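Here is the structure we will look at.
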Amino acid sequence: MTTPRRGRVPQRRIAETVADELRDHILSDDDYRLPTQDQLVKDFGVSYPSVREALRILETEGLVTVRRGNVGGADVHRPDEFSAAYHLGLSLQAGRVTLEDLAAGLQLLEPMCVTECAKRPDRAEIVVPALNASIDASAELVGDGVAFTQAAREFHDLIVSFTPNATIRYAVRSYVALWSAQEEAWAEALTRRGEYPSEGKAEDAVHAHRRIVKEIADGRVAEAERLARSHLAATQTLVLDRFGDTIVNASAAMTRNTFPARQRPRN
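What follows is the structure, given as structure tokens:
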């Protein structure tokens, strides 16, 4: 066996210590800006190689992007459901998980979020207006397959975003973002072939969304859940009939900026 060179392990440990502290700052402070490398060397009392190694660690984790060249520096990226969806997608893709399996998982999880929305005492003031605005926006896009698909998927993300339990909200939104990326890729592929479903199918989806919101507004938990599960099954079939055996594609979640139109509520 080759004996490792002395010096590398201590430098790596120093870099990990620096990365640990910077990671804590990034995750705890929404407005945190990464100091320059010169400032980091001064603040931590370490060498430039150790600082650069710490930044490489954080870059690998997706928390920073290091800009190299004449205009150097590093940009901070707080993790969200989209970055989580990408890493989740990598695991599903490595495990050869199919879109059919992902869809079945959403049929278990998303209707649960619908019931939580229907139970909220403030649903009339907070939840229902936002959902209705989303539906109205998607209704205006009937006839534009790709744009309608993205707008309609926003409705599903909103449903989950109003789930009071933070753990469930973050987990399920990652699954929703991952499925939405797959569905948008499907919409683009069918639009290019001239095979996107008829406007009637889009209008059916809008109608289903309105019915779900009505049940949420009225606090009818069981019926809201039933409609949500039925609607999910119907819309997923459009994708699964052609691509159900396809393996989940993690890169789709990485490259698509899903739901860019408005800031998501924090509950």
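Each residue of the sequence shown is one higher than the last, beginning at 1326 in my numbering.
Note that beta-carbon positions come from the ideal geometry of N, C-alpha and C, so glycine has one too.
A quick note: this is a predicted structure, and the numbers were derived from the prediction, not measured.
| message | If distances are taken between C-alpha atoms only, which option among Asn1574, Gln1432 and Ile1460 comes closest to Arg1554? | response | Gln1432
| said: Judging by CA-CA distance, which residue of Leu1383, Gln1362, Arg1381 and Ile1382 is the nearest neighbour of Tyr1373? | reply: Gln1362
| said: Check whether the stretch 1458-1476 and the stretch 1516-1536 touch, using three or more Cβ-Cβ pairs below 8 Å as the test. | reply: yes
| said: Taking 8 Å as the threshold (C-beta atoms), are Leu1365 and Ser1376 in contact? | reply: The sequence given here has Val at residue 1376, not Ser. Cβ atoms of Val1376 and Leu1365: closer than 8 Å.
| request: Return yes when the Cβ of Glu1435 is within less than 8 Å of the Cβ of Val1501, no when it is not. | output: yes
| Could one say the Cβ of Glu1406 lies closer than 8 Å to chain C's Cβ atoms, at least one of them? | The chain inventory of the structure shown lacks chain C, comprising one protein chain alone.
| field | Cβ pair Val1453, Ile1541 closer than 8 Å | value | yes
| said: Applying the 10 Å Cβ sphere with the 16-neighbour rule, what's the burial state of His1350? | reply: Exposed is the call here.
| Is it the case that the Cβ atoms of Leu1413 and Gly1569 are separated by a distance below 8 Å? | no
| At what residue ranges does the stretch 1385-1467 contain a whole run of the alpha helix (DSSP H), taking only runs of 4 or more? | 1406-1419, 1424-1444 and 1452-1464
| message | Spatial neighbours of Leu1359 within its chain, please: C-beta separation below 6 Å, excluding the five flanking residues on both sides. | response | Excluding residues within five positions, the ones whose Cβ falls inside 6 Å are Ala1399 and Val1401.
| task | Sort out for me which residues DSSP pairs Ile1572 with in a bridge. | result | Thr1423
| field | Outcome for Asp1482 when other beta-carbon atoms lying within 10 angstroms are tallied against a minimum of 16 | value | buried
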